[in-house]
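Number of protein chains: 4
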Amino acid sequence: MLGICLFGSGRMAHVYGPAIAAHPGMRLVSVFNPNLASAREAAEAYGGRAVGDIETALADPAVDAVVIATPTNTHLEYIQAAAAAGKPMLCEKPLDLDMGRVDQAIAVLKARPVPFMLAFNRRFDPTVSALRDAVRAGEVGALHTLTIINRDPIPPSVAYARTSGGYFCDSTIHDLDLARWILGEEPEDVFTSASCMVDPELGAIGDVDTAMTVMRTPAGKLCHISNSRRAVYGFDQRIEAFGSEGMLQTENVRDIQLKHSTSAYMAAQTRPRHFFLERYAEAFTRMIDAFHRMVAKGGEPPVTVEDGRRALVLALACGASMRQRKAIATGLQGAVA
Amino acid sequence: MLGICLFGSGRMAHVYGPAIAAHPGMRLVSVFNPNLASAREAAEAYGGRAVGDIETALADPAVDAVVIATPTNTHLEYIQAAAAAGKPMLCEKPLDLDMGRVDQAIAVLKARPVPFMLAFNRRFDPTVSALRDAVRAGEVGALHTLTIINRDPIPPSVAYARTSGGYFCDSTIHDLDLARWILGEEPEDVFTSASCMVDPELGAIGDVDTAMTVMRTPAGKLCHISNSRRAVYGFDQRIEAFGSEGMLQTENVRDIQLKHSTSAYMAAQTRPRHFFLERYAEAFTRMIDAFHRMVAKGGEPPVTVEDGRRALVLALACGASMRQRKAIATGLQGAVA
Amino acid sequence: MLGICLFGSGRMAHVYGPAIAAHPGMRLVSVFNPNLASAREAAEAYGGRAVGDIETALADPAVDAVVIATPTNTHLEYIQAAAAAGKPMLCEKPLDLDMGRVDQAIAVLKARPVPFMLAFNRRFDPTVSALRDAVRAGEVGALHTLTIINRDPIPPSVAYARTSGGYFCDSTIHDLDLARWILGEEPEDVFTSASCMVDPELGAIGDVDTAMTVMRTPAGKLCHISNSRRAVYGFDQRIEAFGSEGMLQTENVRDIQLKHSTSAYMAAQTRPRHFFLERYAEAFTRMIDAFHRMVAKGGEPPVTVEDGRRALVLALACGASMRQRKAIATGLQGAVA
Amino acid sequence: MLGICLFGSGRMAHVYGPAIAAHPGMRLVSVFNPNLASAREAAEAYGGRAVGDIETALADPAVDAVVIATPTNTHLEYIQAAAAAGKPMLCEKPLDLDMGRVDQAIAVLKARPVPFMLAFNRRFDPTVSALRDAVRAGEVGALHTLTIINRDPIPPSVAYARTSGGYFCDSTIHDLDLARWILGEEPEDVFTSASCMVDPELGAIGDVDTAMTVMRTPAGKLCHISNSRRAVYGFDQRIEAFGSEGMLQTENVRDIQLKHSTSAYMAAQTRPRHFFLERYAEAFTRMIDAFHRMVAKGGEPPVTVEDGRRALVLALACGASMRQRKAIATGLQGAVA
């Protein structure tokens with residue numbers, strides 16, 4: 015039974031809490047938050063004790079590993095602390111919004127190696143991973159193009175957007191990670207065109223809410239990412255992989271399979287699952303399980319700190335390309351495992 | 015927290031065990047089976063203690079309610095015992111295969127009223143109940159016809175079939191219950207044509223594996239049920255409700271939403287969920303929750319012992335019709351709540 | 015170039031007229047109707063001359079073959095005349111509504127053999143014939159069940175219904191013909207349950223508008239036909255063939271392939287093709303071509319007069335079964351080519 | 015009855031020939047080709063007489079209008095000739111591959127105005143035009159993004175590609191025209207990334223076969239075009255319009271609506287219609303009819319010579335962007351009718 019300390023008790027912590035509680039091989043030992051009242055609330059809901067300082071949290075011998083679900087700008091500090099304490103970590107994405115601080119985190123983990131896994135949860139979705147497995151198994155022959163559609167059902171608050179690092183670092187980064195993972199090759203350049211169509215207040219703080227990105231790999235594979243912060247018909251998550259021998263397409267997930275035909279229309283009676291918590295519920299469960307397996311049995315992390323860095327390189331290139339109206343060379347190269 | 019004693023530790027008990035364990039308002043107090051070793055195995059897996067005699071099981075004051083998941087021919091005896099002990103019950107379907115014994119069970123519950131719910135789980139499936147709610151809400155106008163397709167992925171063993179009461183009492187009975195519940199009216203007659211196309215050994219013991227049934231209600235609604243014991247493409251569970259203002263159709267549930275297009279075909283990359291445990295997983299969870307609500311908060315059972323009796327009337331009429339090659343009057347009448 | 019005389023200038027004649035005109039190997043020589051004004055109208059639209067008496071029509075040496083698209087109760091008379099004149103015929107369905115007169119027609123054609131083809135047009139639909147070819151090619155393994163859904167978009171006028179021979183002889187007869195043709199075996203018995211849900215005036219003249227039929231073959235194959243005279247969502251024409259190795263299903267044909275997703279629904283933007291003229295447009299074209307091939311090159315008719323008789327046997331059995339509430343033995347036996 | 019002279023008797027002429035012959039208001043008066051033997055072949059098939067010199071062709075008073083279906087590099091010359099003769103024209107796309115010559119054609123038509131329509135046939139497809147009408151009617155609210163997938167079933171021969179002006183001027187130009195027409199606004203810049211994945215010989219002559227394009231309009235609308243010269247699963251023609259109130263998507267057209275479910279897959283039994291002749295058959299018919307209406311009744315051409323020029327501006331920008339790895343300003347502005 016793996017004892018877990020959960021860092022953070024905000025939105026994402028309320029995703030990890032139940033997933034840890036439900037895992038047969040894990041138990042929640044403690045919830046750490048300098049805001050002790052908040053920690054207490056989460057601990058009461060999912061188990062374990064509330065802890066207000068990180069030293070106490072990490073000194074507990076019952077804690078075998080930590081899950082970092084705190085605000086992005088605290089990740090580096092907590093990675094340092096957990097690495098110093100020798101605790102394996104699962105850390106929320108993005109690693110950080112600043113490339114310098116990302117490099118610091120990597121240096122910390124190089125100096126004091128502990129198992130470290132980055133929480134790109136969408137890789138663990140049954141449908142997404144089935145598509146990637148099928149691509150790797152050659153079911154589309156040689157991959158020629160990849161198209162990722164990622165549209166949120168509702169835009170974030172401006173307050174959230176302000177600290178999120180912008181649309182590319184907050185949301186497109188998921189698609190950039192999946193793109194590398196499915197393409198199997200680092201993109202050599204990135205072009206992004208974007209605008210603010212959904213919420214003018216997002217534009218007022220310099221952000222965008224509608225974006226199209228094109229990437230190219232050295233082998234000539236092309237990848238398109240289409241993003242919007244508001245699809246009124248629901249969370250739209252689709253991927254299309256096209257190659258020399260065929261095409262694979264994922265479809266949105268609906269919990270109720272009901273069709274209605276009337277004199278006016280023939281319609282699905284339900285929407286896609288609401289948002290990422292619902293859509294990727296199985297993915298969070300499977301990701302927590304992959305973390306458990308990595309800590310309990312050893313082996314390489316399925317998502318590395320380097321994956322986090324490279325996704326950030328691409329996300330920052332999206333922004334630079336949007337501003338400069340040209341393709342930005344990424345500097346990345348090689349195969350992606 | 016409702017304390018539950020689970021009667022039985024066979025196949026269905028391994029469905030109820032985890033569902034009870036996972037329910038936030040229930041805990042498994044004990045597992046009863048005269049075969050104590052089998053009870054022990056289930057208790058270790060899902061909690062509670064193993065009990066070998068029913069008196070001890072029912073005498074335990076921690077037991078607030080019982081779930082009867084034992085062989086069909088023991089239901090009457092255990093209903094009598096639990097009723098005598100004043101314990102609310104959730105009982106697996108069918109109630110019994112003999113109409114006389116079903117009437118005895120009803121008499122017992124009349125003499126000693128305790129909350130009693132019959133486990134027609136399919137009523138609790140999100141998709142099936144959404145269809146029924148939509149029909150009741152008038153989304154197809156006046157209902158004219160109802161079609162239920164229920165095809166298993168694999169036929170049962172001959173040993174199982176021999177004690178199951180035959181195809182109509184074992185499997186079609188689910189469809190007959192859904193038919194009454196969706197039609198909202200008792201069928202006045204039943205016609206069934208059937209044959210043995212899948213496994214000649216089922217034919218050798220007098221059973222069938224392929225059947226078509228047509229029922230008519232006094233208002234003129236028509237209902238068709240199509241059954242097969244082996245659909246090689248997977249568990250096929252579809253319903254179509256057709257009326258004056260339109261049609262509602264349910265589709266099979268697939269966990270992976272992946273399409274593959276090649277020079278030879280455009281195909282779904284996955285099968286429907288394997289069998290009833292997988293397909294109706296949410297239904298079992300929701301049914302257990304409905305049982306919890308009925309016991310904890312009172313109110314009418316969503317599926318009554320009378321529902322069990324009437325489904326059996328129809329299932330027996332299927333058999334009689336098949337043998338006599340004519341429509342069999344059911345003797346049932348009135349609205350179905 | 016095959017010279018055709020079209021018998022009749024009513025509704026069906028306006029289907030055959032353009033199809034003959036468009037066929038590269040046929041030309042419309044004349045249109046025959048005792049009502050010469052009506053014949054003239056059709057001739058002006060599709061070519062040829064109008065003729066008011068049948069002797070003149072058949073005496074014309076330019077007429078190589080005739081297409082009989084007159085009211086059902088005139089078929090026998092015109093078949094006799096055309097046979098006497100040695101003209102190959104394509105005759106609308108049903109052959110007649112009276113079994114005695116059908117037998118007379120058969121006797122006529124036996125005494126004076128000329129190529130004769132019955133116009134069960136649905137056999138020539140690309141989708142329906144693809145399904146039948148696939149069944150015959152073993153793509154579902156051994157066929158176990160067949161389900162045919164045939165629902166009209168709008169009910170007929172009472173005036174039309176009064177002379178049509180009733181729902182089974184007018185509409186279900188198409189499904190009965192397809193059933194025989196796809197099952198490959200004559201049904202041994204027929205059970206039909208029906209009611210009047212759409213138009214009470216149809217009920218007032220003793221007809222029905224909603225029906226379910228079940229047939230069984232000696233080999234144990236089961237067939238279900240579901241009929242309604244009004245599907246508000248459009249002409250609903252679907253077939254499902256289920257067997258030991260899989261299932262084939264046809265879908266409705268839509269001319270515009272557009273999906274609309276909004277906050278309220280995800281809907282197809284168009285209805286199925288309106289009614290039989292639109293839905294089976296390609297079928298009429300292909301049927302006329304098959305008739306041309308039969309006359310021009312010889313060979314067996316793809317739909318025989320005997321097919322017409324047997325479909326009527328089944329349609330009459332539907333009515334008898336509905337009245338007697340039991341399965342009616344058909345007396346038919348053997349394979350269907 | 016409009017008398018037509020068809021210029022050309024090659025591949026496209028064999029599309030126009032039957033469409034003209036089948037139109038109730040048009041007849042083919044003559045087929046012009048300096049290669050008289052080729053003209054003769056087409057004339058025999060579709061009607062009219064063969065003519066080997068353009069003066070004779072245009073001097074014929076029976077010729078009311080001409081259809082120019084000759085090689086691209088001859089369009090300018092024939093437009094000049096037909097304009098001088100005052101004959102209305104339907105001219106195949108692209109207008110020309112050279113912007114200077116396109117401007118010359120425009121000058122010719124300005125100096126000697128005759129009704130002129132450019133043959134962007136895809137605008138006339140029932141499904142494509144239904145999508146565009148729905149977008150214009152506000153069914154997706156304000157349009158935010160547009161995605162066009164255009165993948166051929168088989169790559170062209172290298173010989174054909176060599177004279178076609180390259181992938182962007184030959185094929186993407188259709189998508190660029192549809193993009194303008196659906197966006198309702200001129201793109202302000204174009205970015206294209208492309209590669210040669212299908213046929214290295216196309217790469218050897220400096221062409222590409224796989225391309226992704228992103229365009230942005232002044233209002234912030236984004237448009238993505240995805241092209242491939244070989245989709246092994248068939249001609250893939252899909253459009254997705256996404257906006258503030260929803261999404262519209264077109265689907266590929268299949269002539270046979272048959273699904274096959276087996277133990278291995280659930281598959282559509284047929285491919286999309288083979289290539290542009292089959293897929294856009296109704297579009298050619300409707301385009302010819304629109305040309306007929308324009309000539310017979312007057313009114314603005316539904317596709318203008320200026321539409322041809324602007325599509326070429328965009329196609330050339332695709333090439334420039336691909337070479338320069340940056341977004342190319344188009345210089346176009348304003349609304350698109």
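Residue numbers (my numbering), protein chains in the order written: chain A, 15 to 351; chain B, 15 to 351; chain C, 15 to 351; chain D, 15 to 351.
Note that beta-carbon positions come from the ideal geometry of N, C-alpha and C, so glycine has one too.
The model shown is predicted, which means the values in this text are computed figures rather than measured ones.
In DSSP terms, what residue i is bridged to
i	result
residue 95/A	Bridge partners of residue 95/A: none, in fact.
residue 281/A	274/A and 281/C
residue 103/B	80/B and 130/B
residue 203/B	230/B and 343/B
residue 241/D	164/D and 225/D
residue 252/A	163/A
residue 18/C	42/C and 79/C
Cutoff 7 Å: residue i Cβ touching any chain C Cβ
i	result
residue 40/A	no
residue 258/D	no
residue 275/D	yes
residue 212/A	no
Check whether residue i and residue j have beta carbons under 7 Å apart
i	j	result
residue 83/C	residue 26/C	yes
residue 351/C	residue 257/C	no
residue 250/A	residue 165/A	yes
residue 182/C	residue 329/C	yes
residue 401/B	residue 120/B	In the structure displayed, chain B extends from 15 to 351; residue 401/B sits before or after that span and is not available.
residue 233/C	residue 199/C	yes
residue 77/A	residue 94/A	no
Residues of its chain near residue i, where Cβ-Cβ distance is below 7 Å and the 5 sequence neighbours each way are ignored
i	result
residue 298/C	29, 33 and 135
residue 21/C	46, 80, 81, 82, 83, 84 and 92
Cβ of residue i within 7 Å of any chain A Cβ
i	result
residue 282/C	yes
residue 236/D	yes
residue 294/C	no
Contacts around residue i, its chain only, beta-carbon distance under 6 Å, and the 5 residues preceding and following it disregarded
i	result
residue 201/D	229, 231 and 344
residue 141/C	264
Proximity to residue i [Cα-Cα], best of the options
i	options	result
residue 285/A	279/A, 119/A and 273/A	273/A
residue 172/A	215/A, 182/A and 195/A	215/A
residue 144/D	67/D, 226/D, 312/D and 196/D	196/D
residue 248/D	244/B, 246/B and 280/B	280/B
residue 235/D	212/A, 307/A, 76/A and 221/A	212/A
residue 333/A	106/A, 94/A and 179/A	179/A
residue 57/B	18/B, 176/B, 104/B and 241/B	18/B
residue 75/B	52/B, 54/B, 100/B and 89/B	100/B
residue 301/B	105/B, 160/B and 277/B	105/B
residue 253/B	108/B, 293/B, 124/B and 162/B	162/B
residue 186/B	221/B, 138/B, 152/B and 275/B	221/B
residue 117/B	90/B, 138/B and 132/B	90/B
residue 61/C	73/C, 68/C, 289/C and 40/C	40/C
residue 188/D	283/D, 153/D and 321/D	321/D
7 Å Cβ cutoff, residue i in contact with chain D
i	result
residue 267/B	no
Contact with chain B by residue i, beta-carbon distance below 7 Å
i	result
residue 65/D	no
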